[in-house]
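Numbering (the working numbering), first residue to last: 66 to 276.
The structure is reproduced here in structure tokens:
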């Protein structure tokens with residue numbers, strides 16, 4: 066699991082030396098490519114048409130929909146960060162899928178943190194040494210068998226930990242954003258900011274050239 070800032074650092078390293086190529090710039094119809102000369106590694110394209118923005122290239126295919134001009138929808142300062150929760154709801158996942166499957170993954174660390182917090186609270190209630198050892202052994206087994214949500218809940222159920230209500234525990238959400246999805250969010254904002262900067266620079270040159 067990586068945080069938003071960690072993925073941002075990785076993204077900036079991935080796109081170091083990138084050049085922007087505008088293949089189409091016709092109102093709401095745009096095709097802007099970002100890549101490093103001589104390689105397609107981590108190359109990405111931002112393509113828009115009315116109501117949609119598609120990120121494609123060497124990073125998969127991600128299509129979002131919200132307003133007519135999706136560059137306007139995503140336009141924000143790269144330094145201020147991204148809004149992955151809200152943006153995920155605008156992802157067009159396609160038939161038989163959902164944006165949750167594309168944007169989120171199992172958060173093993175959060176699950177184990179919650180389980181250990183329960184364990185500490187349980188110990189505070191005053192348990193005998195035998196009960197403590199059994200609980201600690203069970204938590205160790207759960208940790209080794211919780212690589213995804215299904216296996217985690219199965220391990221928790223099989224452990225039969227004393228004092229824990231599995232159904233109440235299951236009410237927690239142990240998910241985090243996927244690294245891939247966060248990378249895409251950073252790419253969109255970073256790319257749009259460079260596109261807008263180039264447009265402003267071109268407009269300034271035209272203004273300066275006028276008599």
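We put the beta carbon where it would ideally sit given N, CA and C, even for glycine.
- Between residue 120 and residue 99, the C-beta gap is not smaller than 8 angstroms, which leaves the two residues out of contact.
- 204 is the residue among 171, 204, 219 whose C-alpha sits nearest the C-alpha of residue 187.
- Fewer than three pairs of CB atoms, one per stretch, sit closer than 8 angstroms, so the stretch 127-139 makes no contact with the stretch 197-211.
- Per DSSP, residue 150 is one residue of the alpha helix (DSSP H) stretching across 149-153.
- In the DSSP assignment, residue 121 is bridged to 110.
- Note on geometry: alpha-carbon atoms of residue 146 and residue 225 lie some 43 angstroms from one another.
- Positions of the alpha helix (DSSP H) runs, each at least 4 residues long and wholly inside the stretch 189-266, are given as 194-209, 214-224, 231-234 in order along the chain.
- Annotated three-state conformation of residue 145 is helix, per DSSP.
- About 11 angstroms separates the beta carbons of residue 74 and residue 248, which is beyond the 8 angstroms limit, so they are not a contact pair.
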